[in-house]
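Remarks on the structure that follows.
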Amino acid sequence: MKWGDPDVIIRMVELIGRREGFGAILEEGSMRAAEKIGRDAERYAMHVRGLEIPMHSPYRFKEMGLQYAISERGLSFKRAFMLPSRGILLPDIGFDKQVNGFSIEGKSAFS
């Protein structure tokens, strides 16, 4: 593979989708691929509990980083509850005040 070559990337996606060639190794994610490849490949597999790192950065939303760290599912943005930092309040279930997304103050109440 050559980094940044769109033709190679498209071909690899096709191989993963058909589970052919090296695509058969990659189709179950980076953790299992690293286990199959061996030779210390686990050091390069970027995942938490088998889920790859999502594009959602926890930099702005500290509660998302906390959820990433403690979730039983790994780095799932679906588990990262960050509505109070965005100003989305749900008073019926106890989320009745906005919190500062750049601070950790008050975040444990939302975890």
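The sequence shown finishes on residue 157 if you use my numbering, and the numbering steps up by one all the way, no holes. Backbone N, C-alpha and C fix where the C-beta goes; we use that ideal spot for every residue, glycine too.
Helix, strand or coil at E98 according to DSSP, with G and I counted as helix | For the purposes of this step, residue 98 is identified with residue 52 of the sequence shown, where counting begins at 1. E98 falls in the strand class under three-state DSSP.
C-beta atoms of R119 and L97 nearer than 8 Å | For the purposes of this step, residue 119 is identified with residue 73 of the sequence shown, where counting begins at 1. For the purposes of this step, residue 97 is identified with residue 51 of the sequence shown, where counting begins at 1. Yes.
If you count every other CB in all the chains shown that lies within 10 Å of the CB of M92, and 16 or more means buried, which is it?
-> Here residue 92 is taken as the residue at index 46 of the sequence shown, counted from 1. Counting Cβ neighbours within 10 Å, M92 comes out exposed, since fewer than 16 surround it.
Who are the near neighbours of R95 in its chain, counting only those whose CB is closer than 6 Å to its CB and skipping five residues on each side?
-> Counting from 1 along the sequence shown, the entry for residue 95 is found at position 49. Contacts found: G120.
Rounded to whole angstroms, what's the CA-CA distance from D138 to M110? Just pull it up for me.
-> Indexing the sequence shown from 1 puts residue 138 at position 92. Indexing the sequence shown from 1 puts residue 110 at position 64. Using only the alpha carbons, I get a separation of about 22 Å.
If you draw a straight line from the C-alpha of V59 to the C-alpha of F68, how long is it?
-> What you label residue 59 is simply residue 13 of the sequence shown in a count that begins at 1. What you label residue 68 is simply residue 22 of the sequence shown in a count that begins at 1. Rounded to whole angstroms, V59 to F68 spans 10 Å at the Cα level.
Taking the C-alpha atoms as reference points, what is the distance between I62 and S117?
-> Numbered from 1 along the sequence shown, position 16 holds the residue referred to as residue 62. Numbered from 1 along the sequence shown, position 71 holds the residue referred to as residue 117. Each residue's Cα considered, the two are about 28 Å apart.
Which word fits A80, buried or exposed, when buried means at least 16 other C-beta atoms lie within 10 angstroms of its C-beta?
-> Locating residue 80 in the sequence shown gives position 34, counting from the first residue. With 16 or more other Cβ atoms within 10 Å, it is buried.
Who are the Cβ neighbours of K48 in its own chain at under 6 Å, not counting the five residues just before and after it?
-> As a working note, residue 48 is residue 2 in the sequence shown. Hits under 6 Å: V54.
Beta-carbon of K48 versus every beta-carbon of chain B: anything under 8 Å?
-> Among the chains in the structure shown there is no chain B, since it carries only a single protein chain.
Return the first residue and the last residue of the alpha helix (DSSP H) that M77 is part of.
-> For the purposes of this step, residue 77 is identified with residue 31 of the sequence shown, where counting begins at 1. Note, M77: alpha helix (DSSP H), S76 to I83.
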